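Chains as they are written, first to last, in the working numbering: chain A, 2 to 287; chain B, 130 to 391. Using N, Cα and C, we set each Cβ at its ideal position, and we do this for glycine too. The structure presented is a predicted model; accordingly, all values stated were derived computationally and were not measured.
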């Protein structure tokens with residue numbers, strides 16, 4: 002009771018209250034906030050310096066922006082196919098789609114087994130660590146670079162694209178799959194082991210049924226990524242497909258309107274893929 | 130009755146200085162209902178898992194049907210495990226699969242790898258699984274997914290999975306620790322029934338002393354990795370409980386006296 006009185010008297014004193022308010026308001030000024038402020042200041046200075054010293058080549062900045070917007074307008078409001086027919090475009094998109102499908106399929110099958118070996122609850126820790134370190138190294142290098150690396154051996158083209166994209170898909174899916182497998186309760190594995198089940202039996206009777214929905218949604222995720230990468234590969238690695246047509250339209254024919262049409266094509270297919278994926282996922286997640 | 134299981138000077142060492150079991154000796158006869166009681170961390174679970182070698186003992190001999198299981202190879206181990214059913218505190222079922230699929234998992238130990246991988250079970254096995262589920266009162270739930278069941282039902286599925294193995298022995302690790310009192314009674318009655326009518330030896334780890342005393346033919350009291358008490362439930366008095374539970378004793382004595390009064 003006495004201490005409570007003491008507390009109220011302190012709060013009644015104006016000076017004391019102000020002191021407390023001041024302490025609450027003040028942001029502690031320490032090394033961390035100093036570093037953040039210095040970084041922001043540095044970025045602002047660099048931006049101003051950059052804009053001031055750009056070599057504009059006598060381009061009027063304002064007009065340039067306007068004409069860029071004009072190009073975008075032509076691209077997306079007046080799309081038209083001129084060098085390829087609608088049917089051509091459809092064939093080329095399906096080639097791109099096939100590239101994405103093939104690499105996801107190869108990647109998925111190989112990653113399933115590597116993922117089992119990489120899951121900490123299914124193998125010994127050392128093997129798991131080795132595989133995980135290996136795939137994280139592969140994952141750190143972008144897909145495009147892997148395709149170019151394999152192009153040294155296979156030559157630029159679809160072979161290099163398939164190998165490179167499969168390679169990166171494997172590394173991505175091994176991580177996703179093995180983490181899905183690790184979600185499984187250790188007790189379930191123990192239960193089946195105690196009834197005399199072998200490793201493969203446990204994998205197919207308990208581990209995969211339990212993580213099937215994760216596996217499918219990760220695989221679809223990768224399929225979507227691979228579709229986008231496959232478009233880029235058509236242009237960058239000459240792997241064929243709609244990406245190559247886009248590359249030709251932009252840097253060979255300078256046909257802005259065709260680029261717009263092809264972009265819409267790709268967009269439409271991406272949306273269709275997304276819809277199919279979510280339908281399948283919904284069906285499985287009963 | 131013949132001896133089914135015998136522990137001779139069994140010990141288990143974790144790391145350099147953690148001794149989970151030290152020189153454990155006991156025998157279990159065929160058809161006996163044995164409860165292992167003791168405080169948390171006394172080595173009850175380790176003891177139970179040494180029997181089907183889910184944990185390898187570090188010393189001594191464990192005889193199951195007169196053969197030493199310590200030296201079994203992979204094939205022998207599979208054979209041993211298929212003869213010993215196990216029931217767990219957290220049921221350990223595959224939640225996404227149906228009840229019948231979970232029960233049939235008990236047969237995997239008898240199958241070739243390929244048959245097991247593909248989940249090919251014979252008509253006979255399916256019929257057996259159905260009969261067992263029926264006796265446990267789960268015939269309505271056969272095609273339900275396991276995550277739709279209540280705790281007590283899940284534990285009955287766990288028991289069915291162990292029984293479909295046609296085991297000689299059933300190991301139960303805290304089978305009623307996660308269940309409400311009514312479900313606990315149902316599960317314990319089923320276990321007792323399995324022991325009496327089917328002649329299957331049952332070894333149960335229990336936290337509830339009064340349940341152990343009520344259902345068991347014999348009690349093993351374990352503390353700090355040693356068997357302190359080995360005898361009939363009638364021999365458990367305040368003094369024995371003090372030795373088994375040490376300082377945790379008070380609550381358990383309360384339970385015991387309640388039971389004697391009632």
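Inter-residue Cα distance where the pair is residue i and residue j
{"i": "residue 372 of chain B", "j": "residue 346 of chain B", "result": "20 Å"}
{"i": "residue 273 of chain A", "j": "residue 98 of chain A", "result": "12 Å"}
{"i": "residue 231 of chain B", "j": "residue 222 of chain B", "result": "7 Å"}
{"i": "residue 170 of chain A", "j": "residue 229 of chain A", "result": "13 Å"}
{"i": "residue 131 of chain A", "j": "residue 200 of chain A", "result": "20 Å"}
{"i": "residue 36 of chain A", "j": "residue 42 of chain A", "result": "10 Å"}
{"i": "residue 63 of chain A", "j": "residue 266 of chain A", "result": "32 Å"}
{"i": "residue 184 of chain B", "j": "residue 330 of chain B", "result": "20 Å"}
{"i": "residue 390 of chain B", "j": "residue 209 of chain B", "result": "Note that residue 390 of chain B has pLDDT 49, beneath the 50 cutoff, so the model's placement of it is unreliable and the number below is only indicative. Between residue 390 of chain B and residue 209 of chain B, the C-alpha separation is close to 44 Å."}
{"i": "residue 146 of chain A", "j": "residue 335 of chain B", "result": "60 Å"}
{"i": "residue 301 of chain B", "j": "residue 143 of chain A", "result": "52 Å"}
{"i": "residue 266 of chain B", "j": "residue 312 of chain B", "result": "13 Å"}
{"i": "residue 193 of chain B", "j": "residue 332 of chain B", "result": "14 Å"}
{"i": "residue 310 of chain B", "j": "residue 253 of chain B", "result": "35 Å"}
{"i": "residue 263 of chain A", "j": "residue 212 of chain A", "result": "38 Å"}
{"i": "residue 67 of chain A", "j": "residue 225 of chain B", "result": "58 Å"}
{"i": "residue 3 of chain A", "j": "residue 218 of chain B", "result": "Confidence at residue 3 of chain A is low in this model, with a pLDDT of 48, below 50, so its placement is unreliable and the value that follows should be read with caution. Residue 3 of chain A and residue 218 of chain B: Cα-Cα distance of roughly 53 Å."}
{"i": "residue 367 of chain B", "j": "residue 188 of chain A", "result": "36 Å"}
{"i": "residue 275 of chain B", "j": "residue 178 of chain B", "result": "25 Å"}
{"i": "residue 296 of chain B", "j": "residue 261 of chain B", "result": "13 Å"}
{"i": "residue 91 of chain A", "j": "residue 137 of chain A", "result": "36 Å"}
{"i": "residue 70 of chain A", "j": "residue 254 of chain A", "result": "20 Å"}
{"i": "residue 264 of chain B", "j": "residue 306 of chain B", "result": "23 Å"}
{"i": "residue 195 of chain A", "j": "residue 167 of chain A", "result": "38 Å"}
Beta carbon of residue i nearer than 7 Å to that of residue j
{"i": "residue 134 of chain B", "j": "residue 157 of chain B", "result": "yes"}
{"i": "residue 238 of chain B", "j": "residue 279 of chain B", "result": "no"}
{"i": "residue 165 of chain B", "j": "residue 340 of chain B", "result": "no"}
{"i": "residue 290 of chain B", "j": "residue 205 of chain B", "result": "no"}
{"i": "residue 173 of chain A", "j": "residue 127 of chain A", "result": "no"}
{"i": "residue 239 of chain A", "j": "residue 158 of chain A", "result": "yes"}
{"i": "residue 286 of chain B", "j": "residue 228 of chain B", "result": "yes"}
{"i": "residue 374 of chain B", "j": "residue 284 of chain B", "result": "no"}
{"i": "residue 356 of chain B", "j": "residue 349 of chain B", "result": "yes"}
{"i": "residue 233 of chain B", "j": "residue 258 of chain B", "result": "yes"}
{"i": "residue 149 of chain B", "j": "residue 354 of chain B", "result": "yes"}
{"i": "residue 83 of chain A", "j": "residue 259 of chain A", "result": "yes"}
{"i": "residue 191 of chain B", "j": "residue 155 of chain B", "result": "no"}
{"i": "residue 234 of chain A", "j": "residue 162 of chain A", "result": "yes"}
{"i": "residue 257 of chain A", "j": "residue 86 of chain A", "result": "no"}
{"i": "residue 304 of chain B", "j": "residue 246 of chain B", "result": "no"}
Residue-level contact to chain A via CB, residue i, 7 Å cutoff
{"i": "residue 285 of chain B", "result": "no"}
{"i": "residue 232 of chain B", "result": "no"}
{"i": "residue 281 of chain B", "result": "no"}
{"i": "residue 294 of chain B", "result": "yes"}
{"i": "residue 390 of chain B", "result": "The predicted position of residue 390 of chain B is uncertain, since its pLDDT is 49 and thus under 50; a value taken from the coordinates is nonetheless stated next. It does not: the Cβ of residue 390 of chain B has no partner Cβ on chain A nearer than 7 Å."}
{"i": "residue 245 of chain B", "result": "yes"}
{"i": "residue 226 of chain B", "result": "yes"}
{"i": "residue 237 of chain B", "result": "yes"}
{"i": "residue 210 of chain B", "result": "yes"}
{"i": "residue 223 of chain B", "result": "yes"}
Residue i CB to nearest heavy atom of the ligand ADP below 6 Å
{"i": "residue 192 of chain A", "result": "The ligand ADP is not part of this structure, which contains no ligands at all."}
Any chain B beta carbon closer than 7 Å to residue i
{"i": "residue 188 of chain A", "result": "yes"}
{"i": "residue 197 of chain A", "result": "yes"}
{"i": "residue 210 of chain A", "result": "yes"}
{"i": "residue 114 of chain A", "result": "no"}
{"i": "residue 201 of chain A", "result": "yes"}
{"i": "residue 205 of chain A", "result": "yes"}
{"i": "residue 120 of chain A", "result": "no"}
{"i": "residue 193 of chain A", "result": "yes"}
Minimum C-alpha distance to residue i - residue among the options
{"i": "residue 143 of chain B", "options": "B:188, B:192, B:292", "result": "B:188"}
{"i": "residue 193 of chain A", "options": "B:155, B:151, B:293, B:161", "result": "B:293"}
{"i": "residue 122 of chain A", "options": "A:71, A:82, A:190, A:148", "result": "A:190"}
{"i": "residue 175 of chain A", "options": "A:197, A:220, A:208", "result": "A:220"}
{"i": "residue 207 of chain A", "options": "B:248, B:159, B:354", "result": "B:248"}
{"i": "residue 114 of chain A", "options": "A:85, A:178, A:69, A:60", "result": "A:178"}
{"i": "residue 315 of chain B", "options": "B:282, B:326, B:226", "result": "B:282"}
{"i": "residue 342 of chain B", "options": "B:321, B:365, B:169", "result": "B:365"}
{"i": "residue 213 of chain B", "options": "B:141, B:180, B:197", "result": "B:180"}
{"i": "residue 227 of chain A", "options": "A:103, A:216, A:214", "result": "A:103"}
Worksheet entry | Completely contained alpha helix (DSSP H) runs for the region 224-286 of chain A, where each covers 4 or more residues | Every alpha helix (DSSP H) stretch that sits fully inside the region 224-286 of chain A and reaches 4 residues is listed by chain position as 243-252, 257-285.
Worksheet item: In chain order, which alpha helix (DSSP H) runs of at least 4 residues are fully inside the region 50-112 of chain A?
Response: 62-78
Discussion item. My parser needs the beta strand (DSSP E) runs of 3 or more residues fully inside the region 174-252 of chain B; what are they?
Written reply: 188-193, 213-216
Practice prompt. Could you please tell me which residues of the region 88-110 of chain A, in chain order, have their CB closer than 8 Å to any CB of chain C?
Written response: Absent here is chain C; the protein component of the structure consists of chains A and B.
Item to complete: Note down, one range per segment and in chain order, each alpha helix (DSSP H) of at least 4 residues found wholly within the region 162-216 of chain A.
Response: 187-195, 200-203
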